[in-house]
Every structure is written in structure tokens, then in C-alpha cells.
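Visitor: Protein chains in written order, with my numbering: chain E, 4 to 212; chain F, 4 to 212. Built from N, CA and C at the ideal position, the CB exists for glycine as well. Here the structure is a predicted model, which means the values were calculated and not measured.
2 protein chains.
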Amino acid sequence: MPATDRTDHRRDRDATAARVIAAAATILARDGATALGVNALAKEAGCDKQLIYRYFDGLDGVMAALGEAVATRLASRLAEARNSPAPDWPSFSQSLARGLLAACRADPLLGRIRAAEFASPPGRLAPFVAARGQVLQDWVVRTRPALPPPAGTDIPALHALLAGAIEAAILSAAASGALVGLPLQTDSDWARLEQNLMALIAAAYRGGG
Amino acid sequence: MPATDRTDHRRDRDATAARVIAAAATILARDGATALGVNALAKEAGCDKQLIYRYFDGLDGVMAALGEAVATRLASRLAEARNSPAPDWPSFSQSLARGLLAACRADPLLGRIRAAEFASPPGRLAPFVAARGQVLQDWVVRTRPALPPPAGTDIPALHALLAGAIEAAILSAAASGALVGLPLQTDSDWARLEQNLMALIAAAYRGGG
DNA sequence: CAGCTTTGTCACCGGATGGTGATAACAGGC
DNA sequence: GCCTGTTATCACCATCCGGTGACAAAGCTG
Chain E
4 MPATDRTDHR RDRDATAARV IAAAATILAR DGATALGVNA LAKEAGCDKQ LIYRYFDGLD
64 GVMAALGEAV ATRLASRLAE ARNSPAPDWP SFSQSLARGL LAACRADPLL GRIRAAEFAS
124 PPGRLAPFVA ARGQVLQDWV VRTRPALPPP AGTDIPALHA LLAGAIEAAI LSAAASGALV
184 GLPLQTDSDW ARLEQNLMAL IAAAYRGGG
Chain F
4 MPATDRTDHR RDRDATAARV IAAAATILAR DGATALGVNA LAKEAGCDKQ LIYRYFDGLD
64 GVMAALGEAV ATRLASRLAE ARNSPAPDWP SFSQSLARGL LAACRADPLL GRIRAAEFAS
124 PPGRLAPFVA ARGQVLQDWV VRTRPALPPP AGTDIPALHA LLAGAIEAAI LSAAASGALV
184 GLPLQTDSDW ARLEQNLMAL IAAAYRGGG
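(1) Are the segment 21-36 of chain E and the segment 113-125 of chain E touching by the rule of at least three beta carbon pairs closer than 8 Å?
(2) What does the alpha-carbon distance come out to for the pair residue 75(E) and residue 84(E)?
(3) Count the C-beta pairs between the segment 190-197 of chain E and the segment 128-136 of chain E that are closer than 8 Å, then say yes if the count reaches three, no if not.
(4) List, in order along the chain, the chain F residues whose C-beta lies closer than 8 Å to that of residue 159(E)?
(5) Taking beta-carbon pairs under 7 Å, can you tell me which members of the segment 31-43 of chain F lie near chain E?
(6) Within its chain, find whatever has a CB closer than 7 Å to the CB of residue 43(E); leave out the 5 residues flanking it on each side and keep chain order.
(7) Which residue from 35(E), 24(E) and 183(E) puts its Cα closest to that of residue 62(E)?
(8) My guess is that residue 132(E) and residue 77(E) are in contact by the Cβ rule of under 8 Å, so how many angstroms apart are they, rounded?
(9) Under 7 Å Cβ to Cβ from residue 201(E), same chain only, skipping five residues before and after it: list those, please.
(10) Quick one: residues in its chain with C-beta nearer than 7 Å to the C-beta of residue 8(E), no 5 flanking neighbours on either side, listed in chain order?
(11) Could you name the residues that DSSP lists as bridge partners for residue 186(E)?
(12) Mark residue 2(F) as exposed unless 16 or more other C-beta atoms lie within 10 angstroms of its C-beta, in which case mark it buried.
(13) Is the beta carbon of residue 45(F) closer than 8 Å to that of residue 114(F)?
(14) Less than 8 Å between the CB atoms is what I'm expecting for residue 180(F) and residue 187(F), so what's the real figure, rounded?
(15) Is the distance from the Cβ of residue 89(E) to the Cβ of residue 148(E) below 8 Å?
(16) Do you know offhand how far residue 19(F)'s Cα is from residue 135(F)'s?
(17) For the segment 81-92 of chain E, enumerate the residues whose C-beta is nearer than 7 Å to any C-beta of chain F, in chain order.
(18) Within the same chain, show all residues whose beta-carbon is closer than 7 Å to that of residue 104(E), passing over the 5 residues directly before and after it, in chain order.
(19) Count the other CB atoms within 10 Å of the CB of residue 123(F); is the residue buried (16 or more) or exposed (fewer)?
(20) What residues from chain E crowd round residue 132(F), counting only those whose CB sits closer than 8 Å?
(21) Quick test of your reading: residue 165(F) and residue 204(F), contact by CB under 8 Å. State the CB separation rounded to the nearest angstrom.
(22) CA-CA distance, residue 52(E) and residue 37(F)?
(23) Taking 8 Å as the threshold (beta carbon to beta carbon), is residue 206(F) in contact with chain E?
(24) If you measure from the beta carbon of residue 195(F) to each beta carbon in chain E, is any gap under 8 Å?
(25) Using the C-alpha atoms, what's the distance from residue 87(E) back to residue 39(E)?
(26) Alpha carbon to alpha carbon, what distance is there between residue 57(E) and residue 68(E)?
(27) Quick one: is residue 59(F) near chain E, going by C-beta distance under 8 Å?
(28) Please list the partners that residue 118(E) has in chain F, where partner means a Cβ-to-Cβ separation under 7 Å.
(29) What is the DSSP secondary structure of residue 61(E), counted as helix, strand or coil?
(30) For residue 212(F), count neighbouring C-beta atoms within 10 Å of its own C-beta (all shown protein chains included) and say buried if the count is 16 or more, exposed if not.
(31) On a Cα-Cα basis, can you pick out the residue from 155(F), 199(F), 157(F) and 141(F) that is closest to residue 158(E)?
(32) Report the rounded CA-to-CA distance for residue 183(F) versus residue 143(E), giving the unit in angstroms.
(33) Pick out the complete alpha helix (DSSP H) segments inside the segment 19-81 of chain F, 4 residues or longer, and give them in chain order.
(34) Considering only the beta carbon of each residue, do residue 109(E) and residue 80(E) sit closer than 8 Å?
(35) Could you check whether the Cβ of residue 147(E) sits closer than 7 Å to any heavy atom belonging to the ligand NAD?
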């Protein structure tokens with residue numbers, strides 16, 4: 004059943020276009036990427052599919068527009084966690100991990116898109132990859148400590164591993180409610196994950212690499 | 004073009020069924036889960052799609068059979084890494100991470116299936132989830148050290164985070180050749196990842212949780 | 001009023017999908 | 001030989017897909 008009934012017959016291009024983008028986000032978050040087709044999109048948006056071709060030049064155009072919208076949402080969510088340079092490197096890495104975790108948990112669409120990137124033919128979701136990468140990099144640059152990074156620690160590799168673990172947790176939780184064997188359903192489950200993540204970061208800096 | 008031409012007209016049910024399973028693995032690894040349909044599968048296997056319904060009761064049956072096959076492959080690959088109890092917990096965790104990484108790297112199908120699990124409607128790939136979980140658990144039990152686990156360390160959470168990071172690395176590498184910002188293409192890229200992973204594990208045990 | 005652009009709607013196309021019923025080729029038992 | 005059951009093939013169905021061309025209605029300009 005369409006979430007938006009086609010009761011709105013006003014001649015308003017912008018409103019229709021916005022409804023299409025919102026419908027794309029809804030389908031992506033609710034049914035996954037495989038369900039996102041032109042027909043389903045038109046039905047969900049409550050408009051004719053012809054308009055999708057007219058206004059967005061097909062699905063790819065919708066994806067590009069949605070990619071921008073999602074990127075700005077991610078940016079604002081990350082800013083909630085931290086928006087100024089961290090005092091030192093461990094707390095920087097910790098707030099990075101915490102912010103990413105919170106942002107992805109709060110916005111299921113982000114996780115869905117990430118999952119789709121893995122399973123989709125490359126190119127279709129390229130706008131998302133580019134937009135997300137840019138947002139993340141901007142955020143890292145903005146909140147990076149002023150101090151030079153500690154010697155003997157491979158910061159990019161450490162952050163990549165941490166971000167990967169977080170991504171896997173988000174995806175696994177959505178798919179099966181658990182990461183490998185670790186349950187990820189209740190808030191306390193997530194708190195346990197975050198606590199261990201923080202401890203791991205602290206150990207990585209303390210123990211040296 | 005079909006990998007297997009339909010030149011084999013021998014009346015051999017087992018051989019045909021085996022060809023179907025192999026074709027499913029091929030499609031899954033080459034084109035992803037979205038491309039795995041009854042028609043494409045029949046074409047790839049070089050047989051009539053009717054046989055898929057007769058022998059496997061549809062796609063779900065093929066998935067179940069493929070799931071078993073993949074599980075045994077994963078088990079044997081893991082056994083290559085380690086097949087007896089580890090002397091202590093850090094080296095146990097390390098050989099777990101190393102074994103998982105090597106197994107997934109050597110068998111692209113494993114990564115593909117994992118990606119499909121994230122993006123697919125649940126249920127269709129349930130056989131894979133169950134089979135893989137069982138294999139991993141068996142392996143953990145078989146290679147777990149005889150000593151009691153160190154106090155103050157949340158072993159399941161640590162292993163879940165590590166396994167998640169490895170999964171994300173495999174998936175990201177296949178999709179974009181990089182994990183977040185870390186390149187994952189050459190062997191030295193992977194060596195760098197593994198080195199940091201090992202250091203992280205060592206630090207986790209040394210630094211305490 | 002006429003003329004034109006924009007916005008929205010409908011009908012249709014070729015092709016691919018999942019699924020099924022009828023039928024042909026081959027094997028073995030009698 | 002003939003009969004029966006298994007294996008494999010073909011033809012067909014309804015349905016969905018992405019995509020396009022034609023057309024009705026609304027609004028704006030003259």
C-alpha cells in the first residue's frame with residue numbers, strides 16, 4: 004500500500020519531486036535496495052512514473068538527489084556528537100567511533116544504503132559512496148586534535164578497523180539482531196558493544212602498535 | 004553466455020543437480036544475489052529450469068544445498084589455519100582473526116553471501132546464516148585454549164568486534180577496494196591490515212578491559 | 001478569447017521473471 | 001517385443017520490469 008495517496012493533484016513540481024525523494028528513502032529503508040524500482044517508487048510517491056523520468060532523468064537521478072539529502076543528514080548528526088577539535092587522540096578516536104555509531108543507529112537509512120552498496124552492481128550507488136566519504140573526511144578534519152598523531156600508531160588503519168566494526172554491527176543488527184554471536188537488540192546490548200569499543204580504543208593507544 | 008553449455012545430455016540426476024549448485028555459486032560470486040533467479044540459474048547450469056523445481060523444490064532448496072556445500076568449504080579452510088587448541092587466549096584470538104581473514108579472502112563466494120545476507124529479505128539466505136554460525140562455533144570450541152578466559156575481558160564482545168571488522172574489510176574491499184579510507188588491493192595492503200589487527204588484539208589483552 | 005508551456009495521466013511496448021502442464025527421449029523389468 | 005518410471009525439454013501463462021509516446025488538464029501570456 005502506498006504511504007502517500009495520490010490525493011494531491013496540485014500542479015507543484017517541487018513538491019512532487021520532494022515526495023519522490025522521500026518515497027525513495029522510505030523504500031530503501033523499509034524494503035531494501037532490491038525493491039527500489041521505478042514502478043514501486045512511483046507507486047510509493049503517489050505519482051506517475053513518467054514524472055520520475057522527467058524530473059530526475061530516471062532512477063540514477065533520484066539516487067543522486069537522495070545521496071545529497073542523506074549526506075547533509077549524516078553531517079548534521081555527526082555534528083551533534085562533536086563539532087570542534089578533540090583535546091587528544093584517544094578521545095578523538097573515541098568520539099569518532101561514538102558519533103558514527105550513534106549516527107548510524109539513529110538513521111536506519113544510512114545502514115540500508117551501506118548494505119546496498121555491498122550487494123549492488125557498482126555505479127548505481129556511487130553518489131552515496133562519494134557523498135558519504137566527503138562528509139566523513141570533512142568531519143575528521145574538523146574534529147582532529149591539534150597535536151601531532153602519536154608515533155608508532157597506524158591511525159588510518161586503526162580508524163578503518165573501528166569504522167568497519169561499527170558498520171558490521173549496524174548491518175548485522177538490522178539483518179539478524181546480532182553481530183556474529185553478540186546480541187544487538189536492547190539498549191544494554193548496544194551499551195555493551197560501545198563500552199568494549201571504547202576499551203579497545205583506549206587499549207590500542209595505551210598498548211602501542 | 005552460459006559457462007556450461009547444454010551439451011551433456013546424459014541422464015544423470017546427480018550430475019545435473021551438482022551442476023545446478025555449482026552454477027548458483029558462480030552466479031552468486033560473479034553477479035551478486037540480485038542476479039540469482041530461476042531462469043538465470045537454469046541458463047548458467049545449462050539445463051531446464053523445470054529441473055530446479057523438481058530436484059530442489061525451487062530456489063530455496065538450491066540455497067539450502069549450496070549453504071551446506073559452502074559450510075563444509077569454510078570448515079576446511081578454517082582447519083588450514085588451526086585445528087587444535089591454542090596455547091593461550093591472545094594467540095587464540097589472533098589465529099581466529101587470521102583464519103577468518105584468510106578464509107574469506109581465499110573464497111570470494113563467502114563474502115558475496117555475507118553481503119547478500121545484509122541486503123536480502125531475511126529467510127531466503129537463512130540456511131547460510133545457520134550453517135556458517137554452526138561451523139564457526141564448532142571451530143571456536145575446537146580451538147579454544149584449555150585455560151579459563153582472563154578476567155576483566157569481554158571475550159565474546161571482543162571477538163564480535165574483530166569478526167565484524169574483518170567482515171567489513173572483506174565486503175568493502177570487494178565493493179570499492181578500500182575500507183573507509185584504507186586501501187585494500189595489493190597484498191601489502193592486506194598485510195598492513197592484518198598487522199594492525201594483530202596489534203589491536205595484543206593491546207586488548209595487555210591493556211585490559 | 002486564442003496559443004503555449006508545464007504538470008500530471010494513461011496506454012502501451014519488448015523483455016524478463018517465477019511457475020506449471022504436457023510431452024519427448026531414455027532406462028530398466030517383464 | 002511391450003510397459004512403466006525417470007530424466008530432460010518445450011511451450012505456455014500471468015505478472016512484473018524499465019522505458020516511451022500520446023494525451024488531458026491547469027496555468028500563464030498575449
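Guide: So, from the listed chains and residues:
(1) Short answer: they touch.
(2) Mapped onto the first sequence, residue 75(E) falls at position 72. Mapped onto the first sequence, residue 84(E) falls at position 81. In this structure, the CA atom of residue 75(E) is about 15 Å from the CA atom of residue 84(E).
(3) Result no; under three Cβ-Cβ pairs closer than 8 Å.
(4) By 1-based counting over the first sequence, the position of residue 159(E) is 156. 184 and 185, listed in chain order.
(5) The segment 31-43 of chain F vs chain E, Cβ under 7 Å: 35, 36 and 37.
(6) As a first step, residue 43(E) is located in the first sequence; it is residue number 40 there, counting from the start. Exclusion of the five residues before and after residue 43(E) leaves 30 as the residues of its chain whose Cβ lies within less than 7 Å of its Cβ.
(7) Position 59 of the first sequence, counted from the first residue, corresponds to residue 62(E). Closest by C-alpha distance to residue 62(E), out of 35(E), 24(E) and 183(E), is 24(E).
(8) Within the first sequence, the letter at position 129 stands for residue 132(E). Within the first sequence, the letter at position 74 stands for residue 77(E). Rounded, the Cβ-Cβ distance is 13 Å, inconsistent with contact.
(9) Here residue 201(E) is taken as the residue at index 198 of the first sequence, counted from 1. Closer than 7 Å at the Cβ level, and outside the excluded window around residue 201(E), lie 97.
(10) Position 5 of the first sequence, counted from the start, is the residue given in the question as residue 8(E). Reliability fails at residue 8(E), whose pLDDT of 47 lies under 50, so the model's placement of it is uncertain and no value is given.
(11) Within the first sequence, numbered from 1, the residue matching residue 186(E) stands at position 183. Beta bridge pairing from DSSP links residue 186(E) with 181(E).
(12) There is simply no residue 2(F) to check, as chain F begins at 4 and stops at 212 in what is shown.
(13) Numbered from 1 along the second sequence, position 111 holds the residue referred to as residue 114(F). Numbered from 1 along the second sequence, position 42 holds the residue referred to as residue 45(F). It is not a contact, given that the beta carbons lie outside the stated cut-off.
(14) One-based indexing of the second sequence puts residue 180(F) at position 177. One-based indexing of the second sequence puts residue 187(F) at position 184. Sure, about 6 Å apart at Cβ, within 8 Å.
(15) Taking the first residue of the first sequence as 1, we reach residue 89(E) at position 86. Taking the first residue of the first sequence as 1, we reach residue 148(E) at position 145. Between residue 89(E) and residue 148(E), the C-beta gap is smaller than 8 Å, which places the two residues in contact.
(16) As a first step, residue 19(F) must be located in the second sequence, where it is residue number 16. As a first step, residue 135(F) must be located in the second sequence, where it is residue number 132. Distance from the CA of residue 19(F) to the CA of residue 135(F), rounded to the nearest whole angstrom, comes to 25 Å.
(17) Residues: none.
(18) Position 101 of the first sequence, counted from the first residue, corresponds to residue 104(E). Sequence-distant Cβ neighbours of residue 104(E) in its own chain, meaning closer than 7 Å and more than five residues away, are 169 and 197.
(19) What you label residue 123(F) is simply residue 120 of the second sequence in a count that begins at 1. Its Cβ being crowded by 16 or more others within 10 Å, residue 123(F) is buried.
(20) For the purposes of this step, residue 132(F) is identified with residue 129 of the second sequence, where counting begins at 1. Taking a Cβ-Cβ threshold of 8 Å, the residues of chain E close to residue 132(F) are 179, in chain order.
(21) One-based indexing of the second sequence puts residue 165(F) at position 162. One-based indexing of the second sequence puts residue 204(F) at position 201. Between residue 204(F) and residue 165(F) the Cβ distance is about 7 Å, and since that is below 8 Å, they are a contact.
(22) For the purposes of this step, residue 52(E) is taken as the residue at position 49 of the first sequence. For the purposes of this step, residue 37(F) is taken as the residue at position 34 of the second sequence. Taking the straight line joining both Cα atoms gives about 23 Å.
(23) As a first step, residue 206(F) must be located in the second sequence, where it is residue number 203. So yes, residue 206(F) belongs to the interface.
(24) Looking up residue 195(F) in the second sequence gives position 192. With respect to chain E, the C-beta atom of residue 195(F) has a partner C-beta closer than 8 Å.
(25) Position 36 of the first sequence, counted from the first residue, corresponds to residue 39(E). Position 84 of the first sequence, counted from the first residue, corresponds to residue 87(E). If you take the alpha carbons of residue 39(E) and residue 87(E), they lie about 38 Å apart.
(26) For the purposes of this step, residue 68(E) is taken as residue 65 along the first sequence, with counting starting at 1. For the purposes of this step, residue 57(E) is taken as residue 54 along the first sequence, with counting starting at 1. Each residue's Cα considered, the two are about 14 Å apart.
(27) Taking the first residue of the second sequence as 1, we reach residue 59(F) at position 56. Chain E contact via Cβ: absent.
(28) Here the question's residue 118(E) lines up with position 115 in the first sequence. Neighbours of residue 118(E) on chain F, chain order: 121 and 122.
(29) Locating residue 61(E) in the first sequence gives position 58, counting from the first residue. If DSSP states are grouped into helix, strand and coil, residue 61(E) belongs with coil.
(30) Here residue 212(F) corresponds to residue number 209 of the second sequence, with the count starting at 1. Its pLDDT being 45, under 50, residue 212(F) is placed unreliably by the model, and nothing is read from it.
(31) For the purposes of this step, residue 158(E) is taken as the residue at position 155 of the first sequence. Looking at the Cα atoms, 199(F) is the closest of the given residues.
(32) Numbered from its first residue, the second sequence carries residue 183(F) at position 180. Numbered from its first residue, the first sequence carries residue 143(E) at position 140. Between residue 183(F) and residue 143(E), the C-alpha separation is close to 12 Å.
(33) Correct list: 41-48 and 52-59.
(34) On the first sequence, position 106 is the one that residue 109(E) refers to. On the first sequence, position 77 is the one that residue 80(E) refers to. Contact: yes.
(35) Among the ligands in the structure shown, none appear at all, so the ligand NAD cannot be discussed.
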